[in-house]
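Those letters in the sequence shown? Residues 18 to 913, by my numbering.
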Amino acid sequence: MPARRHHAGTATGAAEPSADPREPLPLLRRELGTGDRGLSAREAARRLAVYGPNQVRRREKRSLVRLLSGQLAHPLALLLWGAGALAFIAGMGVLGWAILAVILINAVFALLQEHQAERAVEALAAYLPEQAHAVRDGRAQAVEAAGLVPGDLIMIAEGDKIPADARLTDGAVEVDLSMLTGESAPVERVAAPAEEGAPLLREPNLVFSGTTCTGGEAQAIVFATGGHTELGRIAALSQRAPRRDSPLEVQVKKVAWLIAAVAVGMGAVFLLIGALVGLPLRDALMFAIGLLVANVPEGLLPTITLALAVGVRVLAKQGAVVKRLSAVETLGSTNVICTDKTGTLTQNRMRLQAHWTLETGIVTAEPPPQALAEAMTECTTVSVTESGDLQGDPTEIALVEGAGPDAAALLAARDERRRAIFRFDARLRLMSTIGQRAERLTVYAKGAPEAVLARTTGADGPAVMAMVDDLARRGLRVLAVAVRDLPDGGEVPERREEAETGLRLLGLVGLYDPPRPQVAGAVRRCHDAGLRVHIVTGDNGVTAAAVAAEVGIGVPRLHVVAESEQVHDVELDELLTGDAEIVFARSSPETKLKVADALRAHGQVVAMTGDGANDAPALHQAHIGVAMGRSGTDVAREASTMVLTDDNFATIVTAIESGRRVYDNVRKFMLYIFAHAVPEIVPFLVFALSGGLIPLPLTVLQILAIDLGTETLPALALGREPAEPGIMNRPPRPSSQGVISRDMLIRAWGYLGLVSAALVMLVFFYVLWRAGWHPGDPTGKGAALHHAYLTATTATFAGLVTCQIGTAMAARTDHASLREVGLAGNPLLLAGIAFELLFAAALIYLPPLQDLFGTAALPWDVLAIIAVFPLIVWGTDELRRWKRRRTSRRVDPGTV
Numbered sequence: 018m019p020a021r022r023h024h025a026g027t028a029t030g031a032a033e034p035s036a037d038p039r040e041p042l043p044l045l046r047r048e049l050g051t052g053d054r055g056l057s058a059r060e061a062a063r064r065l066a067v068y069g070p071n072q073v074r075r076r077e078k079r080s081l082v083r084l085l086s087g088q089l090a091h092p093l094a095l096l097l098w099g100a101g102a103l104a105f106i107a108g109m110g111v112l113g114w115a116i117l118a119v120i121l122i123n124a125v126f127a128l129l130q131e132h133q134a135e136r137a138v139e140a141l142a143a144y145l146p147e148q149a150h151a152v153r154d155g156r157a158q159a160v161e162a163a164g165l166v167p168g169d170l171i172m173i174a175e176g177d178k179i180p181a182d183a184r185l186t187d188g189a190v191e192v193d194l195s196m197l198t199g200e201s202a203p204v205e206r207v208a209a210p211a212e213e214g215a216p217l218l219r220e221p222n223l224v225f226s227g228t229t230c231t232g233g234e235a236q237a238i239v240f241a242t243g244g245h246t247e248l249g250r251i252a253a254l255s256q257r258a259p260r261r262d263s264p265l266e267v268q269v270k271k272v273a274w275l276i277a278a279v280a281v282g283m284g285a286v287f288l289l290i291g292a293l294v295g296l297p298l299r300d301a302l303m304f305a306i307g308l309l310v311a312n313v314p315e316g317l318l319p320t321i322t323l324a325l326a327v328g329v330r331v332l333a334k335q336g337a338v339v340k341r342l343s344a345v346e347t348l349g350s351t352n353v354i355c356t357d358k359t360g361t362l363t364q365n366r367m368r369l370q371a372h373w374t375l376e377t378g379i380v381t382a383e384p385p386p387q388a389l390a391e392a393m394t395e396c397t398t399v400s401v402t403e404s405g406d407l408q409g410d411p412t413e414i415a416l417v418e419g420a421g422p423d424a425a426a427l428l429a430a431r432d433e434r435r436r437a438i439f440r441f442d443a444r445l446r447l448m449s450t451i452g453q454r455a456e457r458l459t460v461y462a463k464g465a466p467e468a469v470l471a472r473t474t475g476a477d478g479p480a481v482m483a484m485v486d487d488l489a490r491r492g493l494r495v496l497a498v499a500v501r502d503l504p505d506g507g508e509v510p511e512r513r514e515e516a517e518t519g520l521r522l523l524g525l526v527g528l529y530d531p532p533r534p535q536v537a538g539a540v541r542r543c544h545d546a547g548l549r550v551h552i553v554t555g556d557n558g559v560t561a562a563a564v565a566a567e568v569g570i571g572v573p574r575l576h577v578v579a580e581s582e583q584v585h586d587v588e589l590d591e592l593l594t595g596d597a598e599i600v601f602a603r604s605s606p607e608t609k610l611k612v613a614d615a616l617r618a619h620g621q622v623v624a625m626t627g628d629g630a631n632d633a634p635a636l637h638q639a640h641i642g643v644a645m646g647r648s649g650t651d652v653a654r655e656a657s658t659m660v661l662t663d664d665n666f667a668t669i670v671t672a673i674e675s676g677r678r679v680y681d682n683v684r685k686f687m688l689y690i691f692a693h694a695v696p697e698i699v700p701f702l703v704f705a706l707s708g709g710l711i712p713l714p715l716t717v718l719q720i721l722a723i724d725l726g727t728e729t730l731p732a733l734a735l736g737r738e739p740a741e742p743g744i745m746n747r748p749p750r751p752s753s754q755g756v757i758s759r760d761m762l763i764r765a766w767g768y769l770g771l772v773s774a775a776l777v778m779l780v781f782f783y784v785l786w787r788a789g790w791h792p793g794d795p796t797g798k799g800a801a802l803h804h805a806y807l808t809a810t811t812a813t814f815a816g817l818v819t820c821q822i823g824t825a826m827a828a829r830t831d832h833a834s835l836r837e838v839g840l841a842g843n844p845l846l847l848a849g850i851a852f853e854l855l856f857a858a859a860l861i862y863l864p865p866l867q868d869l870f871g872t873a874a875l876p877w878d879v880l881a882i883i884a885v886f887p888l889i890v891w892g893t894d895e896l897r898r899w900k901r902r903r904t905s906r907r908v909d910p911g912t913v
């Protein structure tokens with residue numbers, strides 16, 4: 018059989034062991050150079066240098082320098098770099114430094130928010146135990162698990178976490194492999210020869226890193242450590258793939274490049290026009306700087322970042338820890354959820370719900386007959402803790418609790434009678450024990466009905482399986498229980514094949530894992546929102562279908578794939594393109610990955626749940642990988658996008674609703690921010706097209722004050738706007754739908770922007786004409802009209818600020834009237850408007866700021882004029898909404 022080969026350069030950067038763990042034990046010992054005394058300390062140190070530490074490498078975090086450089090090289094930042102360079106070339110140092118400060122503030126702000134989100138989930142538990150027990154220099158000793166190397170002899174006992182992949186050399190243990198195989202029941206591992214052709218994880222003599230010993234003691238020889246273990250290989254699958262940009266990140270970058278192209282194009286065209294009309298070079302450069310700064314929505318990136326950060330914090334309080342800010346928006350476009358059953362849809366709290374015997378038929382309201390109850394208790398490995406609680410497999414705990422009221426007494430009697438145990442074997446789907454009463458030995462067996470029936474005599478197989486289906490259709494997990502009395506004075510069988518034959522069927526037990534109380538309502542909300550929910554589970558199809566029906570999955574049509582491993586790609590494509598919700602039963606982690614790949618290929622936005630380490634590839638492949646915070650493994654949490662601290666399906670739906678609200682609000686404040694580009698650009702166009710005959714109505718510093726001062730808080734407040742009614746009663750938006758639509762740009766630039774531009778230019782000319790200004794009159798320092806010019810630019814600035822108020826109110830809804838939304842429905846917006854007015858007043862009336870920003874106090878008549886600007890801007894948009902309501906009875910409430 019093939020051996021593991023040595024690779025000089027691997028993903029971990031260390032050599033890979035070449036020994037094949039399935040070869041005969043003497044040959045394996047010889048290849049690994051391990052005797053009964055274990056390795057010497059010197060040899061262990063040498064091998065540690067060759068193979069590297071016994072640690073699973075995590076995905077490398079992006080460094081602060083890399084994060085910061087990404088922000089500084091953003092297309093919008095590049096425009097500002099260009100504007101700053103032009104300012105320094107033109108000798109306007111103060112303006113140049115101000116622009117550079119804006120770039121740095123934006124970058125640092127976004128960096129801190131992203132870094133904070135990454136740190137929120139950094140505190141994951143270690144994959145491996147800190148200490149292990151190894152034989153070194155002929156004596157057993159505690160060593161650091163990270164220092165284990167191939168060839169080490171290790172000791173394993175009940176409760177230990179296995180520190181490395183190893184081959185048993187002596188003894189037997191029971192191991193929980195669920196994090197690697199997805200099977201919840203412990204499996205037996207013994208020091209025995211390898212089985213020809215068995216998959217590595219099924220080999221009966223191998224144990225694997227990160228799994229847990231639930232019983233027994235053994236000695237083992239390590240054959241793989243660190244990234245070369247099965248756990249390390251699985252973790253590497255999710256670490257190799259590059260980080261993808263979310264839909265929002267992609268769309269914002271597209272918009273940023275569009276803005277950059279428009280700004281540079283406008284600058285080039287109007288610089289040429291300025292040269293043709295004789296505009297001085299300094300004025301031409303000022304014009305170019307103004308166009309660049311006016312086109313760049315400086316507050317956009319920090320506002321998006323803050324809106325997403327707030328969404329992350331809100332979700333964390335609701336039980337969902339989101340690892341990447343942009344994932345909040347991705348949640349809003351999710352249209353398929355692939356969920357586990359046990360522990361996510363259900364409570365993972367088994368209880369005995371029904372039993373069946375040939376004499377009684379199916380019984381649900383009474384305790385089981387004595388013989389069945391006794392066998393249920395005998396065939397378990399449950400123990401009692403010092404505090405009196407039951408400890409062990411949830412299924413077996415349910416059997417013991419269902420057998421009688423005094424579990425401790427039942428288990429104590431069981432332990433006195435027990436003579437042997439053949440632990441659960443996942444391949445046989447069966448376990449058995451042997452107990453003794455007086456001189457009589459009795460075999461007790463339980464397991465999958467098919468497996469138990471195959472070892473019984475006298476049972477009517479078809480009739481029993483009909484009862485199994487009946488119980489499974491009720492959503493119950495069904496086990497068969499059987500016994501066999503051995504001859505008096507006989508010996509305890511040494512091999513399970515001798516014990517598990519000629520059994521007599523006692524009956525069936527049906528175990529119920531109730532759905533979480535919030536799940537049915539969450540599924541209804543999914544259907545109302547146009548989401549499909551598929552179940553991907555290791556359970557049998559009948560039971561999973563019953564649970565699906567109980568929580569409302571599969572309404573109106575459910576398709577059950579009984580053996581998911583046998584589904585071909587063509588059949589899978591046909592299933593996923595249909596309108597049915599699907600139960601993928603008897604699924605493996607590979608099934609999850611295949612389903613995630615197929616859904617992505619069909620353009621679906623997928624949320625996939627998982628808890629085992631072997632779920633990591635599927636979690637990483639899904640758009641939103643959802644790991645369980647309580648029951649999930651560290652590898653699953655590392656590979657996921659979101660971690661549920663309550664393991665509750667309903668929390669996923671809450672997160673999707675939050676994602677939709679965040680997306681809607683991002684569009685609202687983008688509308689608000691983009692609407693001000695027109696009134697900021699128009700003054701520079703008027704200045705350039707007039708050849709300087711009309712002085713600049715708005716300075717670059719005043720634009721920066723608007724974009725980063727007066728504009729920011731209202732934009733942030735729009736990011737906290739409550740969800741609009743019906744947000745979960747509309748279908749998911751297509752993943753191809755941009756955050757910026759044609760209709761939104763028409764509304765921003767054609768309605769709100771043009772109205773605002775007209776108003777601010779009117780008030781600018783009103784102030785100048787009242788002072789006796791004519792085109793071409795000097796307005797610079799020392800000129801008679803200089804103060805009037807300062808007052809006019811201040812009026813433009815203040816008018817634009819008040820227009821922002823009307824725009825903010827209009828941006829709160831696209832279809833409904835402001836009366837329906839409520840004027841005070843967003844207190845944060847009212848607070849932002851109040852700050853906006855105070856900030857503008859400070860720039861206008863405080864002498865130091867007047868000198869810096871070129872402002873002057875405004876007379877009362879000008880203040881009275883600009884005070885009505887919000888009503889005009891809002892009223893214009895309110896008229897547009899009224900016309901839309903008249904022409905359409907049904908408009909998507911989330912459209913902006």
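In this text, a Cβ means the ideal position worked out from N, Cα and C, and glycines have one as well.
- When secondary structure is reduced to three states using DSSP, residue 236 falls in the strand class.
- When C-beta atoms of the stretch 577-594 are compared with those of the stretch 652-662, fewer than three pairs fall below 8 Å, so the two segments do not count as touching.
- Annotated as proximal: residue 370 and residue 493, with beta-carbon spacing under 8 Å.
- By the C-beta density criterion, residue 438 is buried, having at least 16 other C-beta atoms within 10 angstroms.
- By the C-beta density criterion, residue 896 is exposed, having fewer than 16 other C-beta atoms within 10 angstroms.
- Within its own chain, the residues whose Cβ lies closer than 7 Å to the Cβ of residue 643, once the five positions on either side in sequence are excluded, are 624, 625, 626, 657, 659, 661 and 669, listed in chain order.
- Closest by C-alpha distance to residue 235, out of 272, 178, 329 and 543, is 178.
- Under the DSSP assignment, residue 355 falls in the beta strand (DSSP E) whose first and last residues are 353-356.
- For the pair residue 836 and residue 738, the CB atoms are not nearer than the 8 Å cut-off.
- Excluding its 5 nearest sequence neighbours in each direction, residue 726 has C-beta neighbours in its own chain below 6 Å: 856, listed in chain order.
- When DSSP states are grouped into helix, strand and coil, residue 268 belongs to the helix group.
- Take the alpha-carbon of residue 893 and the one of residue 803: they are about 34 Å apart.
- Using a Cβ-Cβ distance cut-off of 8 Å, the stretch 412-422 and the stretch 383-392 are in contact, since at least three pairs of beta carbons, one from each stretch, lie closer than that value.
- Boundaries around residue 373 are those of the beta strand (DSSP E), 368-374, since no alpha helix (DSSP H) includes it.
- Taking residue 425 as the centre and dropping the five residues before and after it, the same chain places the C-beta of 401 closer than 6 Å to its C-beta, in chain order.
- Looking at the DSSP output, residue 626 bridges to 643.
- Under the 10 Å beta carbon count, residue 640 is surrounded by 16 or more other beta carbons and is classified as buried.
- Within the same chain, Cβ atoms closer than 7 Å to the Cβ of residue 750 are found at 350, the five residues on either side in sequence being excluded.
- Each residue's CA atom was taken as its position, placing residue 858 and residue 873 some 10 Å apart.
- Secondary-structure assignment with DSSP links residue 408 through a beta bridge to 400.
- Residue range 387-395 is occupied by the alpha helix (DSSP H) that includes residue 387, with no beta strand (DSSP E) assigned at that position.
- Contact between the stretch 454-464 and the stretch 474-481 is absent, with fewer than three C-beta pairs closer than 8 Å.
- The alpha helix (DSSP H) runs lying completely inside the stretch 175-199 and spanning 4 residues or more are 195-198, given in chain order.
- At a cut-off of 3 residues, the continuous stretches assigned as beta strand (DSSP E) that sit fully inside the stretch 443-496 are 447-454 and 457-464.
- Going by DSSP, residue 666 is part of the alpha helix (DSSP H) stretching over 666-691.
- If you compare the alpha carbons of 355, 526 and 741 with that of residue 621, the shortest gap goes to 355.
- Nearest Cα to residue 819 within the set 797, 168 and 888: 888.
- Going by DSSP, residue 561 is part of the alpha helix (DSSP H) stretching over 558-568.
- Under DSSP, the beta-bridge partners assigned to residue 549 are 353.
- Residue environment: residue 155 is assigned as exposed (fewer than 16 neighbouring CB atoms within 10 Å of its CB, all protein chains considered).
- Residue state for residue 229 is assigned as strand, using DSSP reduced to three classes.
- Distance check between residue 886 and each of 572, 778 and 325 places 778 closest, using alpha-carbon atoms only.
- DSSP places residue 204 within a strand segment (E or B) once states are collapsed to three.
- Per the Cβ contact rule, the stretch 769-784 is in contact with the stretch 806-821 (3 or more Cβ pairs under 8 Å).
- From the listed residues 98, 674, 753 and 362, the smallest Cα separation to residue 281 is found for 98.
- In the three-state reduction of the DSSP assignment, residue 538 falls in the helix class, which pools H, G and I.
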